[in-house]
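Enquirer: Going from the sequence shown to the working numbering is simple: count from 1 and add 1327.
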Amino acid sequence: MAFAQSCRRMFGLFTRRKHAVRESNSTPLKRCLTAADLTFVGIGAMLGSGVYILPGEIAGEMAGPAAVLSFLIAGSVALLNGFCFLECAGQVPQTGAAYVYAYASLGELVAFLVGWNAIAVRVMSLVYLAQGWSAYFDDVLGGHTRNFTIEFVLQGEEWDAPPVASFPDFTAGVVILLGSLPVVLDVDMYAIVNNILIALNLAVVSLLFIVSMFCSDFSLLTKHGFFPLGFAGVMKGAVAAFVGFCGFEAIALSSEEAQNPSRGLPIGLINAFGASFSAYTAATLSLTVLSDYQEIQPQTSFASAFEMIGLDWLRYIVSLGAISSMTGGILSHSYCLSRFIYPMSRDGLLPALLAKTNERTKTPIWATMFGTSLAVIFSVMMDFVSVINIMSLLYLMEFMVVCAAVVILRYSPCTQSGYVPLDSGDEDNGDGSTLEMAELNPPDQAVNELNALTNTESNESTTDANRMHDCLANSPSDSSQSSILHLIKRHPRTAVVFSLAFHFLFEVVLVALLTYMIKELQHLEGAFIYGVIVSGSLSLMMCYPLLVLPTYDAGLSFKVPLMPLLPLVALLCDVILIVQLDALSFAEGLIWMLLGLLLYLVYGVRHSLASTRFEESAPNDN
């Protein structure tokens, strides 16, 4: 009996949730980002160095001329996920994006792991960009930086201990430090510098596209067939291209710093997607009409392509665009990294020092410095090429959580948007120095909901349970309803969570069978045909609670259309992309998740701000 109570208590700890109860105006951060600023923030994070590297890699090594379709697929999937982010930003108007959305819908443990993964991805992105910037700069200098470091720092002998780099890349570390300065000093300064860099980058991409159209040979698109590596190559390219569009989350991370988030976030997201998709498409088409896809050199794709047609002078324009793009990417990812560390520290899951903001500039200075320090250390000492594949995995896992979160929040009774007009009164804000959080369900209610699944009676003693009861009391009850339907309507949130969990499980099985057992299915082998039919049918059946329960969307600044169809389609697309990854990526991701779980159990669960209330609400054993 004591063991069962301990398990239920632990379940309550892991599933305790939080949600914003104050208007989004109440924040210690500085509200200064306009819709145009948010657009450039998103473009900077989405393009980075990808616009000069990804088209060459995907067209040259994965999909050939059909690389344009890879970007179309990846961009469409990312846009579907972006819509889910926008509605969640209206439900939970705080910085932290996927982390706070998971905290409000799936509980503290899932939220911590999402934030943990997000921090890792942003550190990897910074390292990738900084090392690319350093390599590009060293190539312009003829390799003198690398040679000088090896000769005078390492006494002429390179390191040989993977994954440690062959030499300390001090240039990469300096670039990250300089790139983080605008983020540390002032968000206004960051926005101005980022806007200039992105405008320059887009101008260069436009110039390259125009020149390539005048020098194009469209017969190259069909010389080896438009799909020389098959549709499988297009899907492989889509997985790689997806990373290029994942930076849109930077816009959601700006919720507490946007002047008018209810208007600025949707405008920024749509504009950023349009500009980034156009840039990637233009860059990919330029390469594939300038040179045979088999002759594309991924690392120097544009320079090599223009050199082949006698336009060597354009390499300097390419260099200017690449450096501005990578610098803008470093700024954007430094910003994103600090905006994940800051809310986790504010909730007590990371040291509270990291949640302190500068009184004058209103920036999370300690979170930025901590994240920058991590990135500098890894960029100088480590070679991230061997683990770069897990970036796609961690991104997709993060987005799948958001797809689930937006459905859970829409089906949760009595939740409203946290956004209010910026000119409205702020009668109970106090000094507005904090964005207050309140537990959406105390841990005891999570335990009660668990008991309700095994017992016909449930304890409705908690505030959230009473609130849910009030919301459902007015709905008509038909005595002829089945016990399953009655249970679903009695515990709507729990039903939605289990519905999504089992839907996802059977969907993964279905997509895996269709991806890896295609030959067996073509030969009509009975076991695999049966597996596809059963998993597909069960996946659809698990959506039943979503069809019979009402949704709650009053007051939302942005609503995902076709709820719950669109989030489920986005989830399916994420699953299709994630099963394309190799086993090594999943093994690396699992190891990283286990490390995060260990950190949560050792530190986060004990220091969470929700723990105090949990202790107060726990029954007294004495």
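By construction, the Cβ of each residue, glycine as well, lies at the ideal position given by its N, Cα and C atoms.
(1) Which complete alpha helix (DSSP H) runs does the stretch 1828-1888 hold, if anything under 4 residues is left out?
(2) Which of the three DSSP states is assigned to K1550 in this structure?
(3) Excluding sequence positions up to five away, which residues of its chain have a Cβ less than 7 Å from the Cβ of Y1428?
(4) Using a Cβ distance threshold of 8 Å, determine whether the stretch 1662-1682 contacts the stretch 1490-1502, with at least three qualifying pairs required.
(5) According to DSSP, what are the bridge partners of L1360?
(6) Between V1511, V1875, T1627 and F1833, which lies nearest to H1813 when the distance is taken from Cα to Cα?
(7) With H, G and I counted as helix, E and B as strand and the rest as coil, what does DSSP make of S1788?
(8) Heavy atom of the ligand NAP less than 7 Å from the Cβ of T1472, yes or no?
(9) Closest by CA to L1721, which one among L1381, I1446 and P1877?
(10) Chain C beta carbons: is any one of them nearer than 8 Å to that of G1648?
(11) Give the DSSP-derived three-state secondary structure of V1491 in the structure shown.
(12) Within the chosen definition, does the stretch 1599-1612 reach the stretch 1393-1412 through at least 3 CB pairs nearer than 8 Å?
(13) Within 10 angstroms of its Cβ, does H1660 collect 16 or more other Cβ (buried), or is it exposed?
(14) Taking the C-alpha atoms as reference points, what is the distance between V1835 and L1898?
(15) Suppose you measure from the CA of L1524 to the CA of A1599; what does that come to, to the nearest Å?
(16) Per DSSP, M1890 is paired with what?
(17) From L1925 to V1491, what does the alpha carbon distance come to, in whole angstroms?
(18) Around the Cβ of F1563, are there at least 16 other Cβ atoms within 10 angstroms (buried) or fewer (exposed)?
(19) Report the rounded CA-to-CA distance for L1676 versus R1343, giving the unit in angstroms.
(20) By Cβ distance, which residues of its chain are closer than 6 Å to F1885, with the 5 residues on each side in sequence left out?
(21) Using the C-alpha atoms, what's the distance from I1644 back to S1618?
(22) Compare the C-alpha of G1560 against each of S1810, A1839 and G1391 and name the closest.
(23) Which whole-angstrom value describes the C-beta separation of L1360 and G1591, a residue pair presumed to lie in contact below a C-beta threshold of 8 Å?
(24) Quickly, what does DSSP pair M1709 with across the bridge? List them, please.
(25) Under 7 Å Cβ to Cβ from D1515, same chain only, skipping five residues before and after it: list those, please.
(26) If we ignore side chains and look at the alpha-carbon of each, how far apart do S1806 and L1892 end up?
(27) Report the rounded CA-to-CA distance for L1596 versus P1670, giving the unit in angstroms.
(28) Counting pairs of beta carbons, one from the stretch 1549-1558 and one from the stretch 1695-1714, are three or more of them closer than 8 Å?
(29) For a test of the three-state rule: what should DSSP assign to V1520, helix, strand or coil?
(30) Mapping DSSP to helix, strand and coil, what is L1799?
(31) If I measure Cβ to Cβ from D1364 and keep anything under 6 Å in the same chain, skipping five residues before and after, which residues do I get?
(32) In or out: I1668 buried (at least 16 other Cβ within 10 Å) or exposed?
(33) With a Cβ-Cβ cutoff of 8 Å, do G1571 and L1883 count as a contact?
(34) Which residue marks the beginning of the alpha helix (DSSP H) containing P1555, and which one marks its end?
(35) Indicate the three-state DSSP secondary structure (helix, strand or coil) for D1496 in the structure shown.
(36) Using CA coordinates, which residue listed in E1584, E1384 and A1457 is at the minimum distance from G1423?
Expert: Straight from the coordinates:
(1) 1845-1849, 1853-1868 and 1871-1875
(2) coil
(3) The residues are C1415, V1419, V1729 and A1732.
(4) Output reads no: the stretch 1490-1502 does not touch the stretch 1662-1682.
(5) A1585
(6) V1875
(7) Caution is warranted here: a pLDDT of 34 is assigned to S1788, below 50, making its placement in the model unreliable, and the coordinate value is therefore given only provisionally. Reduced to three states, the DSSP call for S1788 is coil.
(8) With respect to the ligand NAP, the structure offers nothing, as it holds no ligand at all.
(9) Of L1381, I1446 and P1877, the residue nearest in Cα terms is I1446.
(10) Annotation note: the requested chain C is absent from the structure, which comprises a single protein chain.
(11) strand
(12) Yes, the stretch 1599-1612 is in contact with the stretch 1393-1412.
(13) buried
(14) 10 Å
(15) Rounded to the nearest angstrom, the gap between the Cα atoms of L1524 and A1599 is 15 Å.
(16) As far as DSSP is concerned, M1890 takes part in no beta bridge.
(17) 24 Å
(18) For the sequence presented, residue 1563 should be read as Lys rather than Phe. It counts as buried.
(19) 13 Å
(20) L1413, E1414, G1417 and P1593
(21) Taking the straight line from one Cα to the other gives about 19 Å.
(22) G1391
(23) 7 Å
(24) V1491
(25) C1359
(26) Since pLDDT at S1806 reaches only 45, below the 50 mark, its modelled position is unreliable, and the value read off the structure follows with that caveat. Each residue's alpha carbon lies about 30 Å from the other.
(27) 22 Å
(28) no
(29) helix
(30) Here L1799 scores only 43 on pLDDT, less than 50, and its place in the model is too uncertain to base an answer on.
(31) A1518
(32) Here I1668 is buried, its C-beta having at least 16 other C-beta atoms within 10 Å.
(33) no
(34) No alpha helix (DSSP H) contains P1555, which DSSP labels as neither H nor E.
(35) coil
(36) Selected option, being the one with the closest Cα: E1584.
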